[in-house]
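Peer 1: Residues in the sequence shown are numbered from 1 upward in steps of one, following full-length UniProt numbering.
The structure that follows is given in the form of structure tokens.
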Amino acid sequence: MASPSPSEYLRLKLVEKVRGVFNDVEGGEQPVPVSDEALFEKDTPIRMVHADIVAMMVGGIRGLLLQMLHPHALQGVLDHSNFRSDMHGRLRRTARFIAVTTFGHRDDATNAIERVNRIHAAVGGTLPDGSSYSASDPRTLAWVHVAEATSFLAAYLRHVRPDMPGSAQDEYYRQFAIIANALGADPVPTDRREAEVIFRELRGDLATSPQAREIADLVLSQRPEGAPPALQAMLGAEAVALLPPFARSMLGLERPGLASIPARAATWGMGKTLRWAFRQN
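Rendered as structure tokens:
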């Protein structure tokens, strides 16, 4: 068997390294196989958006920063998560859930959703003001979902496809709503207009706190094992730039200025390289 060409060898090594960041290779975990019997058909908006690694990383950071502004979601992380000691593991598990529900066999997707619902059913407690919270609360889940959906799409529009048709963006929300509804979220947007309305409505549930700012700092300073040292700073700067001004203010973050231009250019270049490596259009 002939040895791969230098460019093909480089491509394969890059794919291997990236998969090592997103999968627990040492624990025997393999990438989620793409199924022809997934919940969503090939080349539909949700699969195109969720296939772009760089946009999903930027969007994922933005979404998590927004989620931590919800007191119930924040308290659930503080009370029931080893986030501080294993943030990379938590983010890796979240990425795997998205991969399974988007690209995996529909039976695996259903099982993953049911598993998360069981976990949520056992997560609850008391807020600092004495009121109770539950991870199964439909309104809390609605904020978690709309923060993710708007973030993934915003990053995709910024870094991959600025000219994505409005109809395709609406279809993205409609498709992603299938997962959110199965997780018990309510209300759930099914198009851009509804996403804007729900985002504004749920914004009233948010609150700033030292704990939210602490988590934001942890997220932005993390260094995933196996990733290039400058990767998180670059992705974090892009995520912060995409945050709504009110969220940056609540988290004590400043919008990156001229210094963010190199980060954006580098993020764009990295995205192009990874799309080549994974043979994405």
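We put the beta carbon where it would ideally sit given N, CA and C, even for glycine.
Owing to the predicted nature of the structure, the values given are computational and were not obtained by experimental measurement.
I need the straight-line Cα distance from residue 172 to residue 165, nearest angstrom please.
Peer 2: Each residue's Cα considered, the two are about 11 Å apart.
Peer 1: Pull the bridge partners of residue 133 from the DSSP assignment, please.
Peer 2: Looking at the DSSP assignment, residue 133 forms a beta bridge with 125.
Peer 1: Could you compute how far the alpha carbon of residue 197 sits from the alpha carbon of residue 191?
Peer 2: Near 10 Å, if we compare the C-alpha coordinates of residue 191 and residue 197.
Peer 1: Flag this pair as yes or no: are the beta carbons of residue 242 and residue 58 separated by less than 8 Å?
Peer 2: Contact flag set, yes.
Peer 1: Where does residue 63 fall in DSSP's three states?
Peer 2: DSSP places residue 63 in helix when its eight states are reduced to three.
Peer 1: Work out the CA separation of residue 52 and residue 163 for me, nearest whole Å.
Peer 2: Whole-angstrom Cα-Cα distance: 16 Å.
Peer 1: Alpha carbon to alpha carbon, how far is residue 210 from residue 236?
Peer 2: Approximately 19 Å between the Cα atoms of the pair.
Peer 1: Which same chain residues, not among the five before or five after residue 184, have their C-beta less than 8 Å away from its C-beta?
Peer 2: Here the set comprises 117, 120, 136, 138 and 141.
Peer 1: What first and last residue would you give for the alpha helix (DSSP H) that runs through residue 190?
Peer 2: No alpha helix (DSSP H) contains residue 190, which DSSP labels as neither H nor E.
Peer 1: If you drop the 5 nearest sequence neighbours on each side, which residues of the same chain put their C-beta closer than 6 Å to that of residue 123?
Peer 2: Excluding sequence neighbours, residue 123 sits near 76, 80 and 135.
Peer 1: Using only alpha-carbon positions, find the residue among 160, 252, 174 and 182 that is nearest to residue 194.
Peer 2: Of 160, 252, 174 and 182, the residue nearest in Cα terms is 174.
Peer 1: What is the rounded straight-line gap between the Cα of residue 205 and the Cα of residue 144?
Peer 2: Each residue's alpha carbon lies about 12 Å from the other.
Peer 1: What three-state label does DSSP hand residue 44 in the structure shown?
Peer 2: In this structure, residue 44 counts as coil in the three-state DSSP scheme.
Peer 1: Give me the residue from 219, 47, 251 and 71 with the minimum Cα distance to residue 130.
Peer 2: Of 219, 47, 251 and 71, the residue nearest in Cα terms is 71.
Peer 1: Taking 7 Å as the limit between beta carbons, can you name the residues of its chain near residue 247, skipping five residues before and five after?
Peer 2: Here the set comprises 65, 66 and 69.
Peer 1: State the Cα-Cα distance for the pair residue 42 and residue 127, rounded to the nearest angstrom.
Peer 2: Approximately 43 Å, taken between the alpha carbons.
Peer 1: State yes or no: is the C-beta of residue 115 nearer than 7 Å to some heavy atom of the ligand MG?
Peer 2: Ligands displayed in this structure: none; no statement on the ligand MG is therefore possible.
Peer 1: Helix, strand or coil for residue 140, going by three-state DSSP, please let me know.
Peer 2: In the structure shown, residue 140 sits in a helix (DSSP, three-state: H, G or I).
Peer 1: Return the chain-ordered list of same chain residues with a C-beta closer than 6 Å to the C-beta of residue 39, the five sequence neighbours on each side being excluded.
Peer 2: Excluding residues within five positions, the ones whose Cβ falls inside 6 Å are 106 and 109.
Peer 1: Can you list, in chain order, the residues of its chain with a C-beta nearer than 7 Å to that of residue 148? Leave out the 5 residues immediately preceding and following it.
Peer 2: So the list reads 63, once near-sequence residues are dropped.
Peer 1: Using a Cβ-Cβ cutoff of less than 8 Å, which residues in the same chain neighbour residue 98 once the five nearest sequence positions on both sides are dropped?
Peer 2: Counting only Cβ-Cβ distances below 8 Å, and skipping sequence neighbours, we find 50 and 56.
Peer 1: Would residue 54 and residue 159 be called neighbours here (beta carbons separated by less than 8 Å)?
Peer 2: Contact flag set, yes.
Peer 1: For the alpha helix (DSSP H) that residue 175 lies in, which residues bound it at each end?
Peer 2: Element bounds for residue 175: 166-182.
Peer 1: Could you check if residue 238 is buried or exposed, using at least 16 other CB atoms within 10 Å of its CB as the buried criterion?
Peer 2: It counts as buried.
Peer 1: DSSP on residue 37, reduced to helix/strand/coil?
Peer 2: Coil, per DSSP.
Peer 1: What residue does the alpha helix (DSSP H) around residue 250 start on, and which one ends it?
Peer 2: Per DSSP, residue 250 belongs to the alpha helix (DSSP H) from 245-251.
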